[in-house]
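Going by UniProt numbering, the sequence shown opens with residue 1, and the numbers climb by one from there. To start, the structure under review is shown below, and the notes come after it.
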Amino acid sequence: MILIMLQLRDLPTPEVLEKFAQRYPEADVSAISSFLHLLRVATDLSIALDTCLSRHGLLQGRWWVLILLMREETLTSTPSVLAQKAGVSRATMTGLIDGLERDGLVGRIYAGEDRRNISVRLTPAGQAKLDEVMPDYYSRLKQCMAGLDEAGRKHLHEMLHLIVAGVPAMVQA
Numbered sequence: 001m002i003l004i005m006l007q008l009r010d011l012p013t014p015e016v017l018e019k020f021a022q023r024y025p026e027a028d029v030s031a032i033s034s035f036l037h038l039l040r041v042a043t044d045l046s047i048a049l050d051t052c053l054s055r056h057g058l059l060q061g062r063w064w065v066l067i068l069l070m071r072e073e074t075l076t077s078t079p080s081v082l083a084q085k086a087g088v089s090r091a092t093m094t095g096l097i098d099g100l101e102r103d104g105l106v107g108r109i110y111a112g113e114d115r116r117n118i119s120v121r122l123t124p125a126g127q128a129k130l131d132e133v134m135p136d137y138y139s140r141l142k143q144c145m146a147g148l149d150e151a152g153r154k155h156l157h158e159m160l161h162l163i164v165a166g167v168p169a170m171v172q173a
């Protein structure tokens with residue numbers, strides 16, 4: 001599940017960043033500017049996606065669960081696998097599944113008498129919800145990415161892979 005990452009709208013100017021770099025020699029002005037702009041774009045995209053999905057009564061967490069189930073050949077998975085694939089805790093996944101089940105979009109399947117051994121299955125209503133959402137989502141996504149041709153999208157993809165490779169540097173002790 002994606003959280004809003006950067007609410008800051010007033011990104012620092014190059015002059016402000018240069019001032020910081022004078023105080024902190026480790027500061028790389030272009031790296032900082034690129035990083036902040038990337039966070040800003042990621043946040044804007046996340047907000048835009050939630051806006052798109054909310055027109056259909058969904059937000060990202062619930063939508064991702066439906067998508068993950070639809071990707072499975074049997075339309076079924078376990079809560080722990082769904083949590084791992086969605087990048088959320090098992091407790092968060094339980095809450096998402098509870099809400100989706102309440103709305104009839106997924107169903108729990110219990111294996112025998114052990115009520116801890118469960119699977120979650122996309123229901124026909126859940127598939128119908130995705131069939132309603134996905135054309136709108138794909139249309140809006142296409143418009144969002146229209147500023148990049150195929151070569152530009154490939155280049156963006158390559159650049160994002162390079163950035164992802166650098167993420168561990170932000171979290172290492």
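By construction, the Cβ of each residue, glycine as well, lies at the ideal position given by its N, Cα and C atoms.
Worksheet item: Is L122 helix, strand or coil when you go by DSSP?
Response: strand
Worksheet item: How is S77 classed by DSSP in three states: helix, strand or coil?
Response: DSSP places S77 in strand when its eight states are reduced to three.
Worksheet item: Between which two residues does the beta strand (DSSP E) harbouring V88 extend?
Response: Note, V88: premise wrong, no beta strand (DSSP E); not H, not E.
Worksheet item: DSSP three-state call for S171: helix, strand or coil?
Response: Sequence inspection shows Val at residue 171; the Ser mentioned does not correspond to that position. In this structure, V171 counts as helix in the three-state DSSP scheme.
Worksheet item: Would the stretch 62-79 and the stretch 95-109 be scored as touching if the rule is three or more Cβ pairs under 8 Å?
Response: Yes, the stretch 62-79 is in contact with the stretch 95-109.
Item to complete: Look up R108 in the DSSP assignment and give the residues it is bridged to.
Response: V120, per the DSSP bridge assignment.
Item to complete: Answer with buried or exposed for G126, where buried requires no fewer than 16 other C-beta atoms within 10 angstroms of its C-beta.
Response: That one is buried.
Discussion item. Measuring only the C-alpha atoms, how far is L100 from V106?
Written reply: 6 Å
Worksheet item: CB-CB under 7 Å to L49, same chain, minus the five flanking residues each way: which ones, in chain order?
Response: Q60
Worksheet entry | Beta-carbon proximity check, L11 vs L38, cutoff 7 Å | no
Discussion item. Quick check on R9: does DSSP put it in helix, strand or coil?
Written reply: coil
Item to complete: Would you tell me roughly how many angstroms separate the C-alpha atoms of M1 and E18, rounded to the nearest one?
Response: Note that M1 scores 45 on pLDDT, short of 50, meaning its location in the model is unreliable and no value can be drawn from it.
Discussion item. Taking 8 Å as the limit between beta carbons, can you name the residues of its chain near C52, skipping five residues before and five after?
Written reply: Correct list, in chain order: D136, Y137 and R140.
Worksheet item: Looking at S119 and T92, is the spacing between their C-beta atoms short of 7 Å?
Response: no
Fill in: Residue range of the unbroken alpha helix (DSSP H) whose run includes P14
P14 to R23
Worksheet item: Do you know how far the Cα of Q84 is from the Cα of L162?
Response: Computed Cα separation, rounded: 24 Å.
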